[in-house]
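Chemist: Each residue of the sequence shown is one higher than the last, beginning at 18 in the numbering used here.
Glycine included, each C-beta is placed from N, C-alpha and C at the ideal position.
Have a look at the structure that comes next, please.
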Amino acid sequence: MDLGRLFREESGRILASLIRLVGDFDRAEEAMQEAFAVAAERWPAEGAPANPRAWIVGTARHKALDRLRRERIFAAKAPLLREEEAVDGTAAATDAPEELPDDRLRLVFTCCHPALALEAQVALTLQTLGGLTTEEVARAFLVPVPTIAQRLVRAKRKIRDAKVAYRVPAREDLPERVAGVLATLYLVFNEGYAATAGDVLVRRDLSAEAIRLARLVAGLLPEDREARGLLSLMLLTDARRTARVDTRGDLVLLADQDRLLWDHDAIAEGLALLPGALSGAPPGPYAIEAAIAALHARAASPGETDWRQIEALYGMLQRVRPSPVVALNRAVAVAE
C-alpha cells in the first residue's frame with residue numbers, strides 16, 4: 018500500500034469525518050497525521066488492512082480520544098466520538114451512493130462561512146478537503162508560503178472562536194455561502210486538472226472530487242445558474258483529460274490532442290447543462306467559461322473552432338472578471 022497515494026486520494030475524506038467527530042480542525046489534523054505515522058510503522062511489517070481508509074479513521078479516532086482525555090474535555094466530546102457512522106469499516110469499503118449531505122459537503126460549507134474572507138475560505142478548503150500542502154495552496158494563490166500559512170491559522174482560529182457549526186446551512190442561508198463554495202470547488206478542480214506540484218500533470222482524484230461536490234451543490238441549488246455553469250465547465254474541461262498527457266507524461270496542447278480520446282459522455286452532459294446556466298440575466302463568469310469550453314468541445318478539429326465567438330466570450334469575461342490571463346486568452350483568440 019502506497020501511503021503517499023492514500024494520503025493524496027483520501028486525506029480530505031478522512032479529515033472531513035474527523036472534523037465532524039472532534040469539532041476542531043487542528044485536533045483532527047493532528048490525529049490524522051498520528052494515524053498515518055502509525056501506519057508507516059506497522060503496515061510494512063504487518064501488511065496493509067483490507068480497508069486502509071477505515072483503519073486510518075479508526076486509529077485517528079483513538080488518538081483523538083487519548084488527546085481529549087489528556088486535555089480533560091473527553092466528557093464533553095465523547096458523544097460525538099461514539100458515532101458509528103465514521104468508523105463503520107464495512108460502509109466505508111462499499112461503493113454505495115452517499116446520502117446528502119456528506120461530511121465533505123459539510124466541510125466545504127464550514128470553510129466557506131461568511132465570517133471568513135473569501136481568500137481564507139478558498140485556502141482553507143483547498144488544504145483540508147483537497148489535501149494540498151501549504152506550498153501548493155500558496156502556488157494556487159501566487160503568494161508567499163508564510164502569507165498562506167498565517168491565513169490558514171487565522172481562519173481555523175476564527176472558526177473555532179466563533180463556534181461555526183459543522184453543517185450544510187439551512188436553505189434560506191445558502192445564497193450567502195455559495196460564492197465561496199463555487200470559488201473553492203473551481204480552484205480544487207484546477208489544481209487537479211493542472212497540478213502545481215508533484216510528479217504528474219493531472220491529479221484525477223482532485224478533479225473527480227470537485228466534480229462530485231459540484232453535483233451536490235447544483236442539486237442543493239437547482240435555480241443557481243452559476244452552480245450549473247461551474248458543473249458544466251468542469252465536465253467539458255475534464256472531458257479532455259485523457260488526451261492532455263502523452264505516454265511519457267508530457268503535456269499535449271489542445272490543438273494537438275486526439276479528440277477521439279475525449280470523453281464524449283461528459284461533453285454531452287456538460288452541453289446539456291449549459292442552456293440553463295446561460296438563460297435569464299447576463300451570465301456569470303463560470304457560465305461564460307463553460308460556453309468557451311463548449312465551443313472547443315463541439316469542434317471536430319482545431320480548424321473548425323469558432324474563434325470569433327470565443328473572442329467575444331472572452332470580451333464578456335474580461336468585463337465581469339478581468340484578469341491578465343483572460344486578456345491573454347482573448348488576444349490568442351484574436352490572433353486565431
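Can you give the Cα-Cα distance for S249 and V195, rounded to whole angstroms?
Modeler: For the purposes of this step, residue 249 is taken as residue 232 along the sequence shown, with counting starting at 1. For the purposes of this step, residue 195 is taken as residue 178 along the sequence shown, with counting starting at 1. Roughly 16 Å between the two C-alpha positions.
Chemist: Determine the closest residue to A314 out of R338, V170 and A289, with distance taken between C-alpha atoms.
Modeler: Translated into positions along the sequence shown, residue 314 becomes position 297. Per the Cα distances, A289.
Chemist: What does the alpha-carbon distance come out to for the pair E193 and P239?
Modeler: In the sequence shown, residue 193 corresponds to position 176, counting from 1. In the sequence shown, residue 239 corresponds to position 222, counting from 1. Cα to Cα, the separation comes out at about 15 Å.
Chemist: Can you tell me the Cα-Cα spacing of L358 and V39, whole angstroms?
Modeler: The chain is shown only over 18 to 353; residue 358 falls outside these bounds and no answer can be derived.
Chemist: Out of T142, G147 and V337, state which residue places its alpha-carbon closest to the alpha-carbon of A172.
Modeler: What you label residue 172 is simply residue 155 of the sequence shown in a count that begins at 1. Comparing Cα positions, the closest option is T142.
Chemist: Rounded to whole angstroms, what is the Cα-Cα separation between Q274 and H281?
Modeler: Translated into positions along the sequence shown, residue 274 becomes position 257. Translated into positions along the sequence shown, residue 281 becomes position 264. Cα-Cα distance, rounded: 14 Å.
Chemist: In terms of residues, what are the limits of the alpha helix (DSSP H) holding Y203?
Modeler: For this step, residue 203 is matched to residue 186 along the sequence shown. Segment P192 to Y210, the alpha helix (DSSP H) holding Y203.
Chemist: Output the distance between the C-alpha atoms of A52 and E46, rounded to the nearest integer angstrom.
Modeler: Within the sequence shown, residue 52 is the residue found at index 35, counting from 1. Within the sequence shown, residue 46 is the residue found at index 29, counting from 1. Their backbone Cα atoms lie some 10 Å apart in a straight line.
Chemist: Over the uninterrupted alpha helix (DSSP H) stretch that includes L288, give me the two end residues.
Modeler: By one-based count along the sequence shown, residue 288 stands at place 271. Run containing L288: H281 to L295, per the alpha helix (DSSP H) assignment.
Chemist: Find the nearest neighbour of A166 within the set K175, E152, A157 and L159, judged by alpha-carbon distance.
Modeler: Numbered from its first residue, the sequence shown carries residue 166 at position 149. Taking only the C-alpha atoms, the option nearest A166 is E152.
Chemist: Helix, strand or coil for L268 per DSSP?
Modeler: In the sequence shown, the residue the question calls residue 268 occupies position 251. If DSSP states are grouped into helix, strand and coil, L268 belongs with the strands.
Chemist: Give the secondary structure of V337 by DSSP, where H, G and I count as helix, E and B as strand, and everything else as coil.
Modeler: Counted from its first residue, the sequence shown places residue 337 at position 320. Looking at V337 - three-state DSSP - the assignment turns out to be helix.
Chemist: Provide the residue span of the alpha helix (DSSP H) that contains T76, from first to last.
Modeler: To locate residue 76, count along the sequence shown from 1; it is residue 59. Counting along the chain, the alpha helix (DSSP H) containing T76 begins and ends at P69 to R87.
Chemist: Are S355 and G148 close, meaning C-beta to C-beta below 8 Å?
Modeler: The shown model of the chain, from 18 to 353, leaves out residue 355, and the question about it has no answer.
Chemist: Nearest by alpha-carbon distance to E306: which of A294, A48 and G236 is it?
Modeler: Taking the sequence shown and counting its residues from 1, the one referred to as residue 306 is at position 289. For E306, the nearest C-alpha among the options comes from A294.
Chemist: Measure from the alpha carbon of E26 to the alpha carbon of each residue in A155, E189, G197 and A227, then state which is nearest.
Modeler: Here residue 26 refers to the residue found at position 9 when the sequence shown is read from its first residue. Selected option, being the one with the closest Cα: A227.
Chemist: Looking at the structure shown, is V356 part of a helix, part of a strand, or coil, going by DSSP?
Modeler: Because the chain is modelled from 18 through 353, residue 356 falls outside the range shown and cannot be assessed.
Chemist: Can you check which of these residues, D222, Y203, L253 and Y331, is closest to A231 by C-alpha distance?
Modeler: Along the sequence shown, one-based indexing puts residue 231 at 214. It is Y203 whose Cα lies nearest to the Cα of A231.
Chemist: Report the residue from M49, P61 and A62 whose alpha carbon sits nearest the alpha carbon of R70.
Modeler: On the sequence shown, position 53 is the one that residue 70 refers to. The residue with the shortest Cα to Cα distance from R70 is M49.
Chemist: Identify the residues that DSSP records as bridge partners of V262: which are they?
Modeler: Position 245 of the sequence shown, counting from 1, holds the residue named residue 262. BP columns for V262 point to L268.
Chemist: If contacts are defined as beta-carbon pairs under 8 Å, then R37 and R123 qualify, I think. What distance do you get, rounded to the angstrom?
Modeler: The sequence position of residue 37 within the sequence shown is 20, counting from 1. The sequence position of residue 123 within the sequence shown is 106, counting from 1. The pair is a contact, with the Cβ atoms about 7 Å apart (cut-off 8 Å).
Chemist: Between L330, A211, D323 and D41, which has its C-alpha nearest G266's C-alpha?
Modeler: Taking the first residue of the sequence shown as position 1, residue 266 is located at position 249. Here the closest residue by C-alpha is A211.
Chemist: Considering just the uninterrupted stretch of the alpha helix (DSSP H) at A65, what are its terminal residues?
Modeler: Along the sequence shown, read from residue 1 onward, the residue named residue 65 stands at position 48. It is not in any alpha helix (DSSP H) - A65 carries neither H nor E in the DSSP assignment.
Chemist: Which whole-angstrom value describes the C-beta separation of T145 and F42, a residue pair presumed to lie in contact below a C-beta threshold of 8 Å?
Modeler: For the purposes of this step, residue 145 is taken as the residue at position 128 of the sequence shown. For the purposes of this step, residue 42 is taken as the residue at position 25 of the sequence shown. With 8 Å as the limit, T145 and F42 qualify as a contact, their Cβ atoms being about 7 Å apart.
Chemist: Rounded to the nearest angstrom, what separates L20 and L191 at their Cα positions?
Modeler: Within the sequence shown, residue 20 is the residue found at index 3, counting from 1. Within the sequence shown, residue 191 is the residue found at index 174, counting from 1. If I take the Cα positions, the gap works out to 37 Å.
Chemist: Cα separation between A200 and H79?
Modeler: Here the question's residue 200 lines up with position 183 in the sequence shown. Here the question's residue 79 lines up with position 62 in the sequence shown. Taking the straight line from one Cα to the other gives about 35 Å.
Chemist: With the cut-off set at 8 Å, would you say R242 and G301 are in Cβ contact?
Modeler: Residue mapping note: residue 242 aligns to position 225 of the sequence shown, counting from 1. Residue mapping note: residue 301 aligns to position 284 of the sequence shown, counting from 1. Against a cut-off of 8 Å, the Cβ pair of G301 and R242 comes out as a contact.
Chemist: So, helix, strand or coil for A113, using DSSP?
Modeler: Taking the first residue of the sequence shown as position 1, residue 113 is located at position 96. Residue placement at A113 is poorly supported in this model, since its pLDDT is 35, which falls under 50; the coordinates are not used for a value here.
Chemist: Which whole runs of the beta strand (DSSP E) in the segment 214–246 are 3 residues long or more, in chain order?
Modeler: Those beta strand (DSSP E) runs which fall completely within the segment 214–246 and span 3+ residues do not exist here.
Chemist: Can you name the start and end residues of the alpha helix (DSSP H) that S318 belongs to?
Modeler: Counting from 1 along the sequence shown, the entry for residue 318 is found at position 301. Looking at the DSSP string, S318 is not in any alpha helix (DSSP H), and its letter there is neither H nor E.
Chemist: Which residues in the same chain have their Cβ closer than 7 Å to the Cβ of R347, if we skip the five residues on either side of it in sequence?
Modeler: Your numbering for residue 347 matches position 330 in the sequence shown. Only E328, Y331, G332 and Q335 meet the Cβ criterion.
Chemist: Measuring alpha carbon to alpha carbon, tell me which of V269, D323 and A298 ends up nearest A310.
Modeler: In the sequence shown, the residue the question calls residue 310 occupies position 293. Closest by alpha carbon: D323.
Chemist: If you draw a straight line from the C-alpha of R30 to the C-alpha of L223, how long is it?
Modeler: The residue given as residue 30 occupies position 13 in the sequence shown. The residue given as residue 223 occupies position 206 in the sequence shown. Those two C-alpha atoms are separated by around 11 Å.
Chemist: Report the rounded CA-to-CA distance for L270 versus V343, giving the unit in angstroms.
Modeler: Within the sequence shown, residue 270 is the residue found at index 253, counting from 1. Within the sequence shown, residue 343 is the residue found at index 326, counting from 1. Approximately 18 Å, taken between the alpha carbons.
Chemist: Select from T264, P319, L277 and L247 the residue whose C-alpha is nearest the C-alpha of V291.
Modeler: Within the sequence shown, residue 291 is the residue found at index 274, counting from 1. Checking the displayed sequence, the identity of residue 291 turns out to be Leu instead of Val. The shortest C-alpha separation from L291 is found at L247.
Chemist: If I follow the unbroken alpha helix (DSSP H) through G29, where does it start and stop?
Modeler: As a first step, residue 29 must be located in the sequence shown, where it is residue number 12. Per DSSP, G29 belongs to the alpha helix (DSSP H) from L20 to V39.
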